[in-house]
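Chains A and B are the protein sequences, given in the same order.
The first sequence stops at residue 116 when you use our numbering, and every number in between is there.
The second sequence stops at residue 116 when you use our numbering, and every number in between is there.
Note that beta-carbon positions come from the ideal geometry of N, C-alpha and C, so glycine has one too.
In what follows, a structure is listed as C-alpha cells, so that the remarks can point back to it.
2 protein chains.
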Amino acid sequence: MDSRDLLGAVSFSDEKMQKVSLFGSEHYFCDLYCLKPGQEQRIHRHRESDKIYCVIEGKGLFHVAGEERSLGAGEIVVARPGEDHGVRNEQDGDLVLLVFMSPRP
Amino acid sequence: MDSRDLLGAVSFSDEKMQKVSLFGSEHYFCDLYCLKPGQEQRIHRHRESDKIYCVIEGKGLFHVAGEERSLGAGEIVVARPGEDHGVRNEQDGDLVLLVFMSPRP
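Spelled out as C-alpha cells, the structure:
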C-alpha cells in the first residue's frame with residue numbers, strides 16, 4: 012500500500028521552497044511544499060489547471076486573484092484557472108502545504 | 012478567495028458516511044469524508060481514476076488492493092486505477108478524510 016506520513020516526508024532547504032512529489036499521474040500531481048521562514052512560491056498562474064493548497068503545518072500568507080489571506084493548519088484554498096496565486100511563509104516556524112493540481116500542466 | 016476551514020466544514024450523519032464537496036472541476040473532485048464510529052466506505056474500484064485519502068482527524072482502517080493498514084492524522088494513501096479500496100472507522104472517535112480524485116469518474 013502506497014501510504015506516507017506527511018510530516019515524515021518533508022524536506023527543507025535554506026535556499027528555497029522545496030517540492031516533494033507524493034503521488035501523480037498524467038491527470039494530476041499531489042506534492043508537499045516545504046517553506047522555511049521567509050520563503051515563498053512566487054505569484055504565477057496556470058491557464059487550465061486548478062491548484063489546491065491545504066495547510067498541514069504552520070501558517071502561510073496566500074495570494075489568490077488579487078486577494079491576500081493568512082491560512083493555518085486545517086485550512087484549504089483553491090486557485091482556479093487563470094487566477095494569480097502564490098504563498099509566503101511570514102511566520103517564524105516552518106510551513107508545510109499539501110498541494111493538488113489538476114489537470115497536470 | 013475560496014478558502015475553507017476543514018474541521019468547520021465537517022458534517023456527520025448517524026445513518027452513513029457523509030461526503031462534503033469542497034472543490035472540483037470536470038477534471039477532479041476534492042471532498043471531505045466524515046465517518047462516525049462504525050461507518051465505512053465500502054470497498055469498490057474505479058477503472059481510470061486515482062483516489063487519494065488524507066487523514067485530517069481520527070484513525071481509519073484502509074483497504075487498498077487487498078492490503079489493510081490503519082492510518083492516522085497526517086497520513087496519506089493512494090488507490091490507483093483498478094485497485095479495490097475502502098475505509099472503515101473502527102475507533103471510538105470521528106474520522107475526517109480529505110479526498111482527491113482525478114480524473115473525475
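For B/Gly85, the C-beta contacts it makes with chain A under 8 Å involve Asp16, Leu17, Leu18 and Ile67, in order along the chain. Under the Cβ criterion of 8 Å, B/Cys41 is counted among the residues facing chain A. Residues of chain B with a Cβ closer than 7 Å to the Cβ of A/Glu101 do not exist; the shortest Cβ-Cβ separation is about 17 Å. Around B/Cys65, the same chain offers Ile87, Leu108 and Leu109 as residues with beta carbons nearer than 7 Å, after the five sequence neighbours per side are excluded. Under the Cβ distance rule, B/Glu51 does not count among the residues neighbouring chain A, no pair being separated by less than 8 Å. Contacts with chain A at 8 Å (Cβ-Cβ) do not include B/Leu108.
Contact with chain B is found for A/Ser113, since one of that chain's Cβ atoms lies less than 8 Å from the residue's Cβ.
Of all residues in the region 23-36 of chain A, those with a C-beta nearer than 9 Å to a C-beta of chain B are Leu33, Phe34, Gly35 and Ser36, reading in chain order. Apart from sequence neighbours up to five positions away, no residue of its chain approaches A/Gly49 with a beta-carbon distance below 6 Å.
When DSSP reads this structure, B/Gly71 sits in a beta bridge with B/Leu82.
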